[in-house]
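Going letter by letter, the sequence shown gives residues 2 to 604 in my numbering.
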Amino acid sequence: MSLLPVVVLSAVVLSIAYVTYGRFLARLLRLDPNKPTPAVEFNDGVDFEPIEPKFLLSQHFSAIAAAGPIVGPILAGVWFGWVPALIWILIGCIFIGGVHDLTSLTASIRHKARSIAEVVRDHMTRRSYLLFLSFVWIALVYIIVAFTDLTASAFIGMIPMENNVEVLGGGIATSSLMYLVLPIVMGLLLRYTKLSLNWATAIFLPLVGVSIWAGQLLPFQLESFLPTPTGFDDPAALTNVVNDNARRIWDVLLLGYCLVAGLLPVWLLLQPRGHLGGYFLYVALAGGMLGLMFGGQPIEYPAFIGMEGRNGMSLVPMLFITIACGACSGFHSLICSGTTSKQLAKETDAKTIGYGAMLLEGMVAIVSLCCVMVLAQDAKVFFRPDGTLAPKANLIYALGIGQFLEVLGVDPKFAVSFALMAFTTFIYDTLDVCTRLGRYIIQELTGWHNRFGRWLGTTLTAGAPLFFLLQPGVDANGKPLRPIWESFWALFGASNQLLAALTLLGVTVWLWRTRGERWVWFVTGIPTVLMYVMSTWALVSMTWPKFFDKAGSFAAPREVVPWIGVVLLALAALMLIEAIIVLTGGRSSTPPQTGKLPAAVPT
Numbered sequence: 002m003s004l005l006p007v008v009v010l011s012a013v014v015l016s017i018a019y020v021t022y023g024r025f026l027a028r029l030l031r032l033d034p035n036k037p038t039p040a041v042e043f044n045d046g047v048d049f050e051p052i053e054p055k056f057l058l059s060q061h062f063s064a065i066a067a068a069g070p071i072v073g074p075i076l077a078g079v080w081f082g083w084v085p086a087l088i089w090i091l092i093g094c095i096f097i098g099g100v101h102d103l104t105s106l107t108a109s110i111r112h113k114a115r116s117i118a119e120v121v122r123d124h125m126t127r128r129s130y131l132l133f134l135s136f137v138w139i140a141l142v143y144i145i146v147a148f149t150d151l152t153a154s155a156f157i158g159m160i161p162m163e164n165n166v167e168v169l170g171g172g173i174a175t176s177s178l179m180y181l182v183l184p185i186v187m188g189l190l191l192r193y194t195k196l197s198l199n200w201a202t203a204i205f206l207p208l209v210g211v212s213i214w215a216g217q218l219l220p221f222q223l224e225s226f227l228p229t230p231t232g233f234d235d236p237a238a239l240t241n242v243v244n245d246n247a248r249r250i251w252d253v254l255l256l257g258y259c260l261v262a263g264l265l266p267v268w269l270l271l272q273p274r275g276h277l278g279g280y281f282l283y284v285a286l287a288g289g290m291l292g293l294m295f296g297g298q299p300i301e302y303p304a305f306i307g308m309e310g311r312n313g314m315s316l317v318p319m320l321f322i323t324i325a326c327g328a329c330s331g332f333h334s335l336i337c338s339g340t341t342s343k344q345l346a347k348e349t350d351a352k353t354i355g356y357g358a359m360l361l362e363g364m365v366a367i368v369s370l371c372c373v374m375v376l377a378q379d380a381k382v383f384f385r386p387d388g389t390l391a392p393k394a395n396l397i398y399a400l401g402i403g404q405f406l407e408v409l410g411v412d413p414k415f416a417v418s419f420a421l422m423a424f425t426t427f428i429y430d431t432l433d434v435c436t437r438l439g440r441y442i443i444q445e446l447t448g449w450h451n452r453f454g455r456w457l458g459t460t461l462t463a464g465a466p467l468f469f470l471l472q473p474g475v476d477a478n479g480k481p482l483r484p485i486w487e488s489f490w491a492l493f494g495a496s497n498q499l500l501a502a503l504t505l506l507g508v509t510v511w512l513w514r515t516r517g518e519r520w521v522w523f524v525t526g527i528p529t530v531l532m533y534v535m536s537t538w539a540l541v542s543m544t545w546p547k548f549f550d551k552a553g554s555f556a557a558p559r560e561v562v563p564w565i566g567v568v569l570l571a572l573a574a575l576m577l578i579e580a581i582i583v584l585t586g587g588r589s590s591t592p593p594q595t596g597k598l599p600a601a602v603p604t
């Protein structure tokens with residue numbers, strides 16, 4: 002069977018959903034193009050600034066898509082087969098993920114662009130607000146840890162591919178550094194000259210291509226500048242130790258980038274880099290689909306592995322939390338209510354930005370899944386050198402996209418470099434936005450909206466991941482340990498989906514209290530229940546065994562990750578109790594705040 006029918010049918014289903022269900026949701030939410038948005042009302046040129054829908058779509062799309070809809074579907078496809086992954090991506094995007102994004106964005110703009118946590122405070126209780134903020138901040142730290150380490154791992158060593166192409170990790174690092182300079186120059190030109198967005202795009206997009214080409218010619222191999230450790234007779238062990246040292250240095254440098262990026266005005270880096278990053282997604286998506294259409298690649302991977310996956314875990318609930326962003330993501334509510342709502346020019350743009358971008362992300366997830374479908378079950382990219390199953394998501398994506406682009410006549414090495422660079426670019430967008438959102442949360446909790454609050458919030462958010470990222474990635478003998486990002490992915494997926502459930506819970510309370518119509522229970526209520534049950538089930542199944550030894554006796558784990566899982570479960574349970582009390586009339590909610598400026602306006 003060819004990939005083509007799968008891709009075409011998926012694109013048709015998502016397109017129909019946008020026209021029909023998207024229009025239905027916009028009508029239910031009563032989106033009004035004449036109602037002034039917070040971006041217009043509070044325009045300050047720093048955090049609040051209305052921009053064109055196509056510009057905002059690129060920025061929002063690149064921020065929400067990132068590596069989530071790539072890594073999740075690839076891992077789920079490898080572990081469980083491509084059919085269950087495809088079904089959940091389509092259903093999740095249309096009826097849960099898209100609804101989650103659109104309603105959280107609408108809730109934010111209807112509350113002066115305040116965060117979804119403050120919407121919860123207005124319509125539930127202050128305790129719910131504090132619980133939600135605490136949960137969100139922990140989830141943001143998890144996201145930064147996983148994505149920072151994933152990026153750093155792509156910057157080191159030689160990356161051999163199954164198509165006999167070798168890519169230098171240092172070349173990806175060089176291209177990434179060059180790419181980070183381009184949006185700053187673009188932002189300055191757009192701000193202080195008469196250069197139009199269209200001309201800026203026409204100038205800087207080709208320069209991005211130049212940076213990809215130049216990266217492999219001028220690789221920055223950080224590991225070659227580090228001192229050689231002593232005491233290792235095995236060359237492979239020595240290489241592992243050096244690469245791990247380089248990985249940790251890159252982790253620190255990337256967190257330094259997060260620190261700086263989280264403090265810069267949105268027009269200087271966030272908006273232009275998001276715009277260019279959006280085109281990366283568009284090109285990768287369009288190029289991948291064209292290659293699929295004209296390549297005629299057959300499906301090699303099994304459609305269904307079984308109720309127990311190749312990783313030994315159950316299909317239900319692990320499929321739901323593994324795919325994560327490819328079908329639904331609580332992280333998106335932070336983007337919608339943290340940055341996007343502050344830049345939305347018209348309410349009616351919310352359908353395109355909120356619902357449409359989620360469906361586009363679903364298509365990215367499907368193309369990523371296709372990268373698994375073209376590989377045989379025993380492909381070496383699925384395994385470590387010792388033969389254990391450990392799918393390398395970034396390499397699987399690069400290999401697949403490289404094959405699809407090669408059909409269009411693109412040089413294989415450039416195609417793979419482009420895919421790896423695109424993968425890294427998506428993560429940059431997420432790291433930037435996560436740090437900025439973490440700063441907003443600290444400022445909301447402390448009430449410090451001055452310069453000190455900005456620095457404190459950014460420093461805490463970018464600094465906390467250091468505890469995890471500086472842990473060694475090899476043992477005393479130089480043998481690689483489980484990658485840090487891989488250790489965090491499952492817990493990140495569960496907490497991310499649980500965050501989506503809590504967001505939908507808050508939105509359901511808001512809609513019910515302000516509208517009181519039965520459709521609320523079907524449109525947001527059912528997705529709330531499904532996501533809450535699946536995510537808590539997965540989180541418990543991953544956390545509970547860590548507290549018992551092989552004999553079945555209680556044994557407190559030494560690792561911090563299981564304890565954080567317990568904290569997340571407790572926060573989610575307490576917030577559910579708060580929501581039930583409010584909905585049943587047992588306690589009145591906090592009166593909505595009024596005033597000229599929203600409570601979360603950073604200065």
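All C-beta atoms, glycine included, are put in the ideal place defined by N, C-alpha and C.
| task | Alpha carbon to alpha carbon, how far is alanine 477 from threonine 231? Give it in angstroms, no decimals. | result | Approximately 12 Å between the Cα atoms of the pair.
| Unbroken alpha helix (DSSP H) run spanning leucine 271, endpoints | 271-296
| query | Given a threshold of 16 other Cβ atoms within 10 Å of its Cβ, counted over all protein chains shown, does threonine 341 qualify as buried or as exposed? | reply | buried
| query | Within the chosen definition, does the region 360-369 reach the region 74-83 through at least 3 CB pairs nearer than 8 Å? | reply | Touching, yes.
| query | Can you name the start and end residues of the alpha helix (DSSP H) that valine 168 belongs to? | reply | No alpha helix (DSSP H) holds valine 168; the beta strand (DSSP E) holding it covers 167-169.
| said: With a threshold of 6 Å on Cβ separation, who are the neighbours of valine 7 within its own chain once the five nearest residues in sequence on each side are excluded? | reply: none
| query | Since isoleucine 324 contacts tryptophan 89 with CB under 8 Å, what's their CB separation in whole angstroms? | reply | 6 Å
| query | Would you call alanine 193 buried or exposed, if buried means 16 or more other Cβ atoms sit within 10 Å of its Cβ? | reply | Note that residue 193 is tyrosine in the sequence shown, not alanine. It counts as exposed.
| said: Tell me the DSSP secondary structure of valine 84 in three-state form. | reply: helix
| Close beta carbons around isoleucine 336, own chain, < 8 Å, minus the five adjacent residues each side | His61, Ala64, Ile65, Val434 and Leu438
| C-alpha distance - glutamine 404 paired with alanine 201, whole-angstrom precision | 31 Å
| field | Cβ neighbour criterion (16 or more within 10 Å) applied to glycine 69 | value | buried
| message | According to DSSP, simplified to helix, strand and coil, what is glutamate 487? | response | Helix, per DSSP.
| Distance, Cα to Cα, threonine 175 vs alanine 574? | 45 Å
| message | Under 8 Å, with one C-beta from each stretch per pair, do the region 508-517 and the region 557-565 reach the 3-pair mark? | response | no
| Any beta-carbon of chain D closer than 9 Å to the one on glycine 99? | Included in the structure is just one protein chain, with no chain D present.
| DSSP bridge partner residues for serine 3 (one or two, in chain order) | DSSP, once it has assigned bridges, lists Pro299 as partnering serine 3.
| request: Confirm, please, whether the CB-CB distance from tryptophan 564 to phenylalanine 415 is below 9 Å. | output: no
| said: Beta-carbon within less than 7 Å of tyrosine 398's beta-carbon, same chain only, minus the 5 sequence neighbours each way: which residues are those? | reply: Ile71, Ile75, Ser369, Cys372, Ala420 and Phe424
| query | How many whole angstroms separate the CB atoms of phenylalanine 81 and isoleucine 322, which I take to be in contact at a CB cut-off of 8 Å? | reply | Not a contact, Cβ separation roughly 12 Å.
| request: Report yes or no: do three or more beta-carbon pairs, one from the region 458-477 and one from the region 210-226, lie closer than 8 Å? | output: no
| task | May I have the straight-line CA-CA distance separating leucine 26 from aspartate 550, to the nearest angstrom? | result | 49 Å
| request: Would you check if the region 467-482 and the region 142-151 touch, i.e. whether three or more CB-CB distances between them fall below 8 Å? | output: yes
| request: Using DSSP bridges, identify the partner residues of leucine 390. | output: Phe384
| task | Give the straight-line distance between the Cα atoms of valine 382 and phenylalanine 43, rounded to the nearest whole angstrom. | result | 50 Å
| request: Apply the 10 Å Cβ neighbour rule to isoleucine 17 and answer buried if 16 or more other Cβ atoms are within range, or exposed otherwise. | output: exposed
| What is the residue span of the alpha helix (DSSP H) that proline 528 lies within? | 527-544 is the span of the alpha helix (DSSP H), which, as asked, contains proline 528.
| task | Note the first and the last residue of the continuous alpha helix (DSSP H) segment covering lysine 55. | result | Where lysine 55 is concerned, the enclosing alpha helix (DSSP H) stretches over 54-66.
| task | Could you round the C-beta distance between leucine 4 and methionine 374 to whole angstroms and report it? I think they count as a contact, below 8 Å. | result | Contact annotation, leucine 4 with methionine 374: C-beta distance approximately 6 Å; criterion of less than 8 Å satisfied.
| query | Among the residues of its own chain, which have a CB less than 6 Å from the CB of asparagine 569, if the five just before and after it don't count? | reply | Going by the sequence as given, residue 569 is leucine instead of asparagine. Answer for leucine 569: Ser496, listed in chain order.
| Can you tell which of Gly566, Thr525 and Arg111 has the C-alpha that lies nearest to the C-alpha of tryptophan 538? | Gly566
| field | Residue environment, threonine 595, which counts as buried when at least 16 other CB atoms sit within 10 Å | value | For threonine 595, the pLDDT reaches just 39, beneath the cut-off of 50, and the residue's location in the model is therefore unreliable, although a value from the coordinates is still provided. Classification for threonine 595: exposed.
| said: With distance defined between alpha-carbon atoms, name the residue in Leu277, Lys343 and Leu131 nearest to threonine 447. | reply: Leu131
| query | Does the Cβ-Cβ distance between glycine 99 and tyrosine 22 come in under 9 Å? | reply | yes
| message | Could you tell me the alpha carbon to alpha carbon distance between alanine 285 and glutamate 362, rounded to whole angstroms? | response | 12 Å
| field | Spatial distance of aspartate 430 from tryptophan 251 (CA atoms) | value | 17 Å
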